[in-house]
Amino acid sequence: MPQLAPALGSPGTGDAVGIHVRFRDWIGERCIPTIGTNAGSPALPFQRWRRSKEAFAPEIVERALCETPGVVRHIVDPFGGSGTTALAAQFLGIKPTTIEVNPFLADLIEAKIAPLDFDAATTAFRCVVERVARGCAPDAPLFSGAPATFVEPGRDGRYIFSRAVASRLLAYRSAIDLLQDPVCRRLFRVVLASAAIPASNVVVSGKGRRYRQGWRERERDPGVVDELFRAGVLEALHDLRRFASRRCLDYVLLRGDARTLAADIGAQDLAVFSPPYPNSFDYTDVYNVELWALGYLRDGAGNTRLRHATLRSHVQLLRDFAGHEVGSPSLASTVDALQQVRSQLWNPHIPEMIGAYAEDLSVVLGHLRRRMRSRGRAYIVVGDSRYAGVDVPVAKILAELAEPLDYRLIALEPSRSMRSSPQQGGRHELGEMLVVLERR
Ligand SMILES: C[S@@+](CC[C@H](N)C(=O)[O-])C[C@H]1O[C@@H](n2cnc3c(N)ncnc32)[C@H](O)[C@@H]1O
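The opening position of the sequence shown corresponds to residue 68 in the numbering used here, with each subsequent residue numbered one higher.
In structure tokens form, the structure reads like this:
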């Protein structure tokens, strides 16, 4: 029977843990080159559960809190991702509201910010491991509804999981589903999801999914799922236990599309977020393996629904990109310039996608404006893009479209440089910018 004792030492043991665990205790004394996203952060507690390339550094939340005039009690992030804003807010003693459309990421966020009963978690872990060891897996088809490439024999001789690994993942999934406690169920599901890629024959990067080198010769043994699950649970319980007494344990998590859900949030003092960039990075694709392997997606229709609920920041899914009256001169000239070079674009819908992207951001900013108190602020990290030599100055467009929504521009500053898309040769030229707005 695997032991969890090292992870479950009493709170207050270990370094720098007290009644009021402060933000610095969490982020440590690491050196942070920028406050931009993907800044090469080391393995932070919580963030290490599932490394996320697009997560921004938590210090941006602290800075926003210090700079915002008046008292800040409520903070919102309409594009939650891995939950950096929500978690940082809890450390800083502020109640977070987070929206996230991707159900795996929404679970990942909630697993980090929801209080956990550690005794119940220990018992639940034993229960799951015992059920799997007894071979109590259901006689169900492996990942039914998932694309054929998921499980051996796959398609054209290629597959993401061997049958043995897929059955072991399914055995854990079924054992977890039988748990009574919804908080434990969610935490273990997230840990198992985070084991899916390391247990598979593929790796995933910003450029998509590819097979590991020599994957056929070095195919994963199902025992790797046992090891990854145990190590993941230990790590998660360690972090949750160590920081269990952070200053705020309250939160609101809304699962779904920020373009509609942001209309219904409570009053806010501050927003800190980073939306998807208009760079053809498709978040549904990036998390596809977790979504199918853990049963977040069960059929093609569910996949299509999820993709339609995401921001119109990419062209992989052909959708309605029409209409973009958001009052930004830079947007108008950019769309015009892109239309002139349409024949050179790798996808002809890119000009309209850029317009639709700006419109989506405008809708979310409009909702936030209605919920934000006077002199409340929004700190937004965005990335510029370039298509066929045409720059898409996202930060400038954002600042311009915010003006008629009654925001004042406080700052527009470079955050770090970013590689342009592979289609542009991947040079380090594009800017990642921080835009600071204040509600009039
Ligand atoms: C750049 S990431 C946010 C990263 C986050 N700041 C962090 O530190 O982890 C953008 C997130 O927006 C989510 N997203 C995309 N479209 C959305 C929508 N319509 N509503 C809510 N979330 C959405 C994506 O799933 C992704 O997790």
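Glycine is no exception: its CB is placed at the ideal position from the N, C-alpha and C atoms.
Proximity winner among the options, relative to residue i (alpha-carbon distances)
| i | options | result |
| --- | --- | --- |
| L468 | S395, V431, G498 and Y454 | S395 |
| L295 | Y318, L328, A329 and V257 | V257 |
| D306 | A191, L183 and V168 | L183 |
| Q157 | E129, G148, I166 and T135 | E129 |
| I332 | P343, L320, S341 and R409 | L320 |
| K274 | W413, L472 and Y350 | Y350 |
| L337 | E419, A173, Y474 and E197 | Y474 |
| R345 | A466, A423, I161 and T164 | The sequence given here has Pro at residue 345, not Arg. That would be A423, whose Cα lies nearest to the Cα of P345. |
| A173 | A325, D244, L132 and G160 | A325 |
| R506 | D458, M439 and Y454 | M439 |
| A303 | K179, L479 and L476 | K179 |
| I243 | S229, G224, R91 and V300 | V300 |
| E426 | A200, L405, R89 and L472 | L472 |
| Y314 | G137, P136 and L159 | The question names Tyr, but residue 314 is Arg in the sequence shown. Cα-wise, what sits closest to R314 is L159. |
| G290 | T377, T371 and V199 | V199 |
| R283 | D248, T327, G224 and L246 | G224 |
| Y354 | D293, G95, A329 and V271 | V271 |
| A238 | E197, T216 and P220 | E197 |
| F90 | A311, R222 and E177 | A311 |
| D248 | R297, A181 and G281 | A181 |
| L384 | G95, F348, H434 and V393 | F348 |
| S380 | I94, S261, E419 and L175 | E419 |
| H434 | A330, R277 and I94 | A330 |
| V138 | R436, E470, L479 and A334 | A334 |
| L175 | S410, A262 and G390 | A262 |
| T216 | N414, R277, R437 and A110 | R277 |
| I477 | T135, W413 and I464 | T135 |
| R252 | G390, G212, A213 and E177 | E177 |
Neighbour flag for residue i against chain D, beta carbons, 8 Å
| i | result |
| --- | --- |
| P345 | The structure shown has no chain D; it contains just one protein chain. |
Cβ pair residue i, residue j closer than 8 Å
| i | j | result |
| --- | --- | --- |
| S482 | V448 | yes |
| V431 | P145 | yes |
| A218 | R287 | The sequence given here places Val at residue 218; Ala does not occur at that position. Result no, Cβ atoms of V218 and R287 do not sit closer than 8 Å. |
| I161 | R193 | no |
| Y318 | A188 | no |
| A466 | D451 | no |
| I264 | V356 | yes |
| F123 | S341 | yes |
| R279 | V269 | yes |
| H416 | V459 | no |
| Y446 | I127 | yes |
| A399 | L236 | no |
| K259 | R240 | One detail in the question is off: residue 259 reads as Leu in this sequence, not Lys. The answer is yes: Cβ separation under 8 Å. |
| H375 | R386 | yes |
| V402 | R444 | no |
| L378 | Y454 | no |
| A155 | P112 | no |
| A191 | L246 | yes |
| V143 | T164 | yes |
| I166 | L328 | yes |
| F185 | R308 | yes |
| V393 | V457 | no |
| V168 | G323 | yes |
| R230 | L209 | yes |
| L501 | E480 | yes |
| V292 | A266 | yes |
Residue i CB to nearest heavy atom of ligand 3 below 7 Å
| i | result |
| --- | --- |
| S211 | Because ligand 3 does not appear in the structure shown, any question about it cannot be addressed here, the ligands present being ligand 1. |
According to DSSP, residues forming a beta bridge with residue i
| i | result |
| --- | --- |
| E505 | R444 and R475 |
| D338 | Sequence check: residue 338 is Ala here, not Asp. A338 pairs with V143 and A445. |
| I166 | L321 |
| S272 | G275 |
| V218 | F228 |
Point to revise | Complete runs of the alpha helix (DSSP H) confined to the segment 383 to 463 [at least 4 residues] | key: 396 to 407 and 417 to 438
Review point. Taking contact to mean at least 3 C-beta pairs separated by less than 8 Å, is the segment 114 to 124 in contact with the segment 148 to 156?
Key: yes
Review point. Can you list the alpha helix (DSSP H) stretches of 4 or more residues lying completely in the segment 356 to 387, in chain order?
Key: 367 to 376
Point to revise | Minimum length 4: unbroken alpha helix (DSSP H) runs contained in the segment 185 to 213 | key: 185 to 200
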